[in-house]
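S.K.:
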Amino acid sequence: MLLREIVQLLKLPHSEEEKEVQIDWLGTDTRQLNTPATTLFVALKTSKRDGHQYLQQAYDLGVRCFLVEQSSLVPLFPHTRYLQVDDPLAAMQLIVATHRAKFHIPVIGITGSNGKTIVKEWLYQILQPDFDCCRNPRSYNSQIGVPLSVWALQPHHQLALFEAGISTTGEMQNLQKVIQPTLGIFTNLGAAHDEGFESREAKLHEKWKLFSEAKAVICHTNDPLIDAKAADFTGKVIDWGKQPGSWLQVIAQKTEATETQFECQQDGKQFPFRLPFIDEASLENGMHCLVAGLYLGLSVETLQSRMGQLQPLQMRLEWKKGILQSLLLNDSYSYDIHSLEIALNHLQQQAGHNKPVAILSDLPGQASAETYQRIAVLLAKKGIRLLIGVGNSMKQHEAFFQELKMDTLWFTDTGSLLEKLDRHLLEKAVVLVKGARIFTFEKIVASLQQQQHETLLEINLSNLTHNLNIYRQSLPKGVRIMVMLKAFGYGSTDAELGRRLQHEGVDYLAVAYTDEGIALRQGGVRLPIMVMNPEPGAFASLVAFDLEPELYAAGILEAFLRHLSVTGKTQYPIHIKLDTGMHRLGFGQEDLPALLELLKEQPLIRVKTAFTHLVASENPLHDDFTNQQAALFREACTQIEQVLGYPFIRHAANTAGITRHPDLHFDMVRLGIGLFGISGAFQSIPLLPASRLLTTVSQVKKVAARESVGYGRQAILERDSKIATVRIGYADGYRRQLSNGVGHMYLRNQRVPVVGNVCMDMTMLDVTDLPDVLPGDPVEVFGTQITVKELAELCGTIPYEILTGISQRVKRILVEE
Ligand SMILES: *Cc1c(COP(=O)(O)O)cnc(C)c1O
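Every number in our numbering is 1 more than the matching position in the sequence shown, counting from 1.
1) Counting only runs of 4+ residues fully inside the stretch 483–521, write out the alpha helix (DSSP H) ranges in chain order.
2) Which one or two residues does DSSP pair with Thr-40 in a beta bridge?
3) What is the DSSP secondary structure of His-614, counted as helix, strand or coil?
4) Looking at Met-2 and ligand 1, is the gap between the Cβ and the nearest heavy atom below 7 Å?
5) The alpha helix (DSSP H) that contains Gly-287, what's its start and end?
6) Please report how far the alpha carbon of Thr-660 lies from the alpha carbon of Leu-597, in whole angstroms.
7) Please state whether DSSP places Ala-437 in a helix, a strand or coil.
8) Taking the CB atoms as reference points, tell me whether Ala-653 and Ala-631 lie closer together than 8 Å.
9) Taking contact to mean 3 or more Cβ pairs, one atom from each stretch, closer than 8 Å, check whether the stretch 192–199 and the stretch 212–225 are in contact.
10) Using the DSSP secondary-structure output, state which residues sit across from Asp-332 in a beta bridge.
11) Just to confirm the assignment, what range does the beta strand (DSSP E) spanning Met-531 have?
12) Do you know whose CA, among Thr-456, Lys-322, Ser-333, Pro-550, lies nearest Asp-495's CA?
13) With a threshold of 6 Å on Cβ separation, who are the neighbours of Ile-606 within its own chain once the five nearest residues in sequence on each side are excluded?
14) For Lys-658 and Tyr-472, which I take to be in contact (beta-carbon distance under 8 Å), what is that distance rounded to the nearest angstrom?
15) Could you compute how far the alpha carbon of Leu-672 sits from the alpha carbon of Val-532?
16) Can you find the residues in the same chain that come closer than 8 Å, C-beta to C-beta, to Leu-476, ignoring five residues on each side of it along the sequence?
17) By the DSSP assignment, the alpha helix (DSSP H) with Asn-464 in it spans what residues?
18) Given Gln-715, which residues of its chain have a CB within under 6 Å of its CB, disregarding the five upstream and five downstream residues?
19) Ignoring anything shorter than 4 residues, give me the alpha helix (DSSP H) runs that lie fully in the stretch 542–629, in order along the chain.
20) Taking the CB atoms as reference points, tell me whether Val-782 and Thr-696 lie closer together than 8 Å.
21) State the start and end residues of the unbroken beta strand (DSSP E) segment that holds Val-727.
22) Considering only heavy atoms of ligand 1, does any lie closer than 7 Å to the CB of Met-746?
23) Using the three-state DSSP reduction, which class does Met-669 fall into: helix, strand or coil?
24) Rank Arg-693, Asp-664, Leu-418 by C-alpha distance to the C-alpha of Lys-812 and give the top, closest one.
25) Would Met-765 pass as a contact of Arg-728 if the rule is Cβ separation under 8 Å?
26) Do Glu-342 and Asn-331 have their CB atoms nearer than 8 Å?
27) Given 7 Å as the limit, tell me if Arg-473 has its C-beta closer than that to any heavy atom belonging to ligand 1.
28) Do the CB positions of Val-358 and Ala-430 come within less than 8 Å of each other?
29) Where do the ends of the beta strand (DSSP E) carrying Ile-219 lie?
30) Looking at C-alpha atoms only, which residue of Glu-505, Lys-478, Tyr-514, Pro-182 is the closest neighbour of Phe-489?
31) Going straight from the alpha carbon of Leu-11 to that of Pro-37, what length do you get?
32) So, at 7 Å on beta carbons, what are the nonlocal neighbours of Glu-719 in its own chain, with the 5 sequence-adjacent residues on each side left out?
33) State the CB to CB distance for the pair Pro-273 and Glu-281, rounded to an integer number of angstroms; the pair is presumed to be in contact (CB under 8 Å).
34) Can you have a look at Val-567 and say buried or exposed, based on whether 16 or more other CB atoms are within 10 angstroms of its CB?
35) In this structure, does DSSP put Thr-769 in helix, strand or coil?
36) Whose CA, out of Asp-624, Ala-229, Gly-113, Phe-132, lies closest to the CA of Ala-192?
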């Protein structure tokens, strides 16, 4: 779109020189700008960030057009055009709505409580062979995601599939204007987001607004609320279900081992149809797709053959530790340029100093030369240094990749890659593995990942980010966040987490020891890092890696000053720890005069922050004590500031302090265990568990009544039993206190008790009441069904000790929803 057109649309005064400026892209995130020169950067305020804080960054990257809030103070950059409006989000939606209106193609709008993304992706697979389709990448279905998705509509597209998700009233209308669906699909009405609406009816009413101008709507007739809504609809209702008279009637349904047989009737004709699923949700999603396909004119035969191949969607990205210290990003989500771009963004985020490599197959179906060229440009832009291509079509366009100075390596198929790839090329690399389904890239992932003894600690980066944002939202503007990553990020993993937090824009990291800080630096983390327990023997490496010491006593402060005077550094950033009641480390009240004396006119250092640690922030019984700590802290800070003559950051609150003591946030808070989904306080906060400990069954055996199980004959069976042995023991961090029925694990959707004593490497479970437990079955030790808190209580300890006690032999895997 021309900038001129946008200016007119927003009813802004226009200037002569901008006449022919072309806007090809809308950007809302400076980390994801592709072609800054033709991007309109939209400064959005969300609960997480204020886009206006990133104008400088966007400018530095080359953006020259900005859509900003009327009231914001904008920096004066040369040759820059600001479009100032009341509401940049609404303006962006208007721009995209205008873009959308230029296309006269079928546009399918999908909404409902569950299944939106799956229906969209399956329809894409079914329709793409006949129609060149545009769709939202992944589940970009929000107030921001929808306009960015619809903006991608191009003249070559013949059909579009857009999903819309809302969480409260008043939102759908905006999305309707942006999508302007001609055909609607209402997936179903469930409990998701109930809290945002007065009632289920109100939620349905709001969602249905997506169809206000659609000619037809597809829905399932099994819910009286939906039936009533459909009856009022002015367009055509394409309903399906058991009810006679439905547009498509399901006459019979039969479940077999892995598929379901339907007998359907539509337009007077009866025909059988098979779906390769047996679970309710997949069947409902599949039927929506069948009906949409028929309505769009595809034959039953075509639909049967295409839908026979549908598979459940793998939505998440998985990070796995690979061979030769590499890190693998396994993305088995459907393969197209959009999802490739998203995966590359994640790869870039984790690259640090390591070499980014992509292992890609040919695109599915027929892809044009132009598409491969776009892929080449994208790979180059995201810093890919080595492309390992599998298949013949991409290789035909080899020149595109070589032009961009990328190393390339080609294999005809996955088998020959597995046989011939020189694994040393991947040493210390970050590797994206993404291929079309027929290339079976799961074999590549299996061959490149570190051998695992199948007990895993799964760190969910999306949940971690969610938790971070929950705390971020609870802080007033301007209060910074330091994240405590001591003990390998509470037992999780260090550098990966550090890079993620850097990407999420936290202000500071803290570790316990110098070595931990060095590991973060070597992993490419550039954030300031505080070291809480700097050992004088390691001062040299501390300074060499730009780590900032916490100094807690006159002795160590003097030692550090002596070290600095030899290095010749001045104004070195340090942190002062004050003891206001913890009595662990820190300058106490009686040590203040000595501290002030040392700080007075001291050019070698610069005090970045001063802080104290609350002893019992989680416990209301000790609130008086907490307040007394705060008073001592304030007083000490005042004295220090007087001596220094400059301000510094003050901080006191840990996780529980953030929620329980909003008056003690000072200038920064120190978030620890809350990041992992454990609130620390008794209040309920909508955190998500960020770690899951998983293992697998190695053997299942029948053991007769009166036999014993395990060491020491502690468990004598009272009945004939079935015992499953799993691959985890106290050497992995599964504590021995959990023996003999105290602890439970979760498998095949049920909790089962530990039987006998926990061994060093194995534990036995009583699975007598579960049908069909098999070797290899996955088992949750803690995570969503069994909480860390529960285990801690059973062991008479705190969640911190359980988390940090998971031994390093348990492999860490990172996942991204
Ligand atoms: C560990 C630690 C924190 C974080 O504590 P959580 O309770 O995990 O939030 C904060 N400050 C200091 C000094 C710590 O050692």
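For each residue, glycine too, the CB sits at the ideal point set by N, CA and C. None of these values were measured; they are calculated from a predicted model.
M.R.: On the basis of the supplied data:
1) 487–492, 496–504
2) Mapped onto the sequence shown, residue 40 falls at position 39. Beta-bridge pairing links Thr-40 to Trp-26.
3) Locating residue 614 in the sequence shown gives position 613, counting from the first residue. DSSP places His-614 in coil when its eight states are reduced to three.
4) Position 1 of the sequence shown holds residue 2. In this structure, Met-2 has its CB at a distance of at least 7 Å from all heavy atoms of ligand 1.
5) In the sequence shown, the residue the question calls residue 287 occupies position 286. Its alpha helix (DSSP H) spans residues 281–296.
6) As a working note, residue 660 is residue 659 in the sequence shown. As a working note, residue 597 is residue 596 in the sequence shown. If you take the alpha carbons of Thr-660 and Leu-597, they lie about 32 Å apart.
7) Residue numbering aside, residue 437 sits at position 436 when the sequence shown is read from its first letter. Coil at Ala-437, not helix or strand.
8) Stepping through the sequence shown from its first residue, residue 653 is reached at position 652. Stepping through the sequence shown from its first residue, residue 631 is reached at position 630. Closer than 8 Å, so yes.
9) no
10) Stepping through the sequence shown from its first residue, residue 332 is reached at position 331. Leu-318.
11) For the purposes of this step, residue 531 is identified with residue 530 of the sequence shown, where counting begins at 1. From DSSP, the beta strand (DSSP E) with Met-531 extends over 530–532.
12) The count along the sequence shown starts at 1 and reaches residue 495 at position 494. Nearest option by C-alpha distance: Lys-322.
13) Along the sequence shown, one-based indexing puts residue 606 at 605. So the qualifying residues of the chain are Tyr-573, Ile-575.
14) Within the sequence shown, residue 658 is the residue found at index 657, counting from 1. Within the sequence shown, residue 472 is the residue found at index 471, counting from 1. Residue 658 is actually Gly in this sequence, not Lys. About 11 Å; that fails the 8 Å criterion.
15) Your numbering for residue 672 matches position 671 in the sequence shown. Your numbering for residue 532 matches position 531 in the sequence shown. Each residue's alpha carbon lies about 15 Å from the other.
16) If you number the sequence shown from 1, residue 476 lands on position 475. Same-chain partners within the cutoff: Ile-482, Ile-659, His-666, Val-670.
17) In the sequence shown, residue 464 corresponds to position 463, counting from 1. Counting along the chain, the alpha helix (DSSP H) containing Asn-464 begins and ends at 462–474.
18) Start at 1 with the first residue of the sequence shown, and residue 715 comes out as number 714. Asn-741, Gly-757, Asn-758.
19) 555–568, 593–600
20) Locating residue 782 in the sequence shown gives position 781, counting from the first residue. Locating residue 696 in the sequence shown gives position 695, counting from the first residue. In contact: Val-782 and Thr-696 (Cβ atoms closer than 8 Å).
21) As a first step, residue 727 must be located in the sequence shown, where it is residue number 726. Unbroken beta strand (DSSP E) run through Val-727: 722–727.
22) Along the sequence shown, read from residue 1 onward, the residue named residue 746 stands at position 745. Checking the Cβ of Met-746 against ligand 1 gives no.
23) Within the sequence shown, residue 669 is the residue found at index 668, counting from 1. Strand, per DSSP.
24) For the purposes of this step, residue 812 is taken as the residue at position 811 of the sequence shown. Lys-812 has its Cα closest to that of Arg-693, out of Arg-693, Asp-664, Leu-418.
25) Within the sequence shown, residue 765 is the residue found at index 764, counting from 1. Within the sequence shown, residue 728 is the residue found at index 727, counting from 1. No, the Cβ-Cβ distance between Met-765 and Arg-728 is not below 8 Å.
26) Taking the first residue of the sequence shown as 1, we reach residue 342 at position 341. Taking the first residue of the sequence shown as 1, we reach residue 331 at position 330. Cβ atoms of Glu-342 and Asn-331: not closer than 8 Å.
27) The residue labelled residue 473 in the question sits at position 472 within the sequence shown. Every heavy atom of ligand 1 is 7 Å or more from the Cβ of Arg-473, so no.
28) Translated into positions along the sequence shown, residue 358 becomes position 357. Translated into positions along the sequence shown, residue 430 becomes position 429. Cβ atoms of Val-358 and Ala-430: closer than 8 Å.
29) Numbered from its first residue, the sequence shown carries residue 219 at position 218. Looking at the DSSP string, the run of the beta strand (DSSP E) that includes Ile-219 is 217–221.
30) Reading the sequence shown from its first residue, position 488 is the one you call residue 489. Among Glu-505, Lys-478, Tyr-514, Pro-182, the Cα nearest to that of Phe-489 is on Tyr-514.
31) Sequence index remark: in the sequence shown, residue 11 carries index 10 (1-based). Sequence index remark: in the sequence shown, residue 37 carries index 36 (1-based). Spanning the two alpha carbons is a distance of roughly 21 Å.
32) Position 718 of the sequence shown holds residue 719. Within the same chain, Glu-719 has close Cβ partners Ala-706.
33) For this step, residue 273 is matched to residue 272 along the sequence shown. For this step, residue 281 is matched to residue 280 along the sequence shown. Rounded to whole angstroms, the Cβ separation of Pro-273 and Glu-281 is 20 Å, and the two are not in contact under 8 Å.
34) By one-based count along the sequence shown, residue 567 stands at place 566. Classification for Val-567: exposed.
35) Taking the sequence shown and counting its residues from 1, one reaches residue 769 at position 768. Reduced to three states, the DSSP call for Thr-769 is coil.
36) On the sequence shown, position 191 is the one that residue 192 refers to. Measuring from the Cα of Ala-192, the nearest candidate turns out to be Gly-113.
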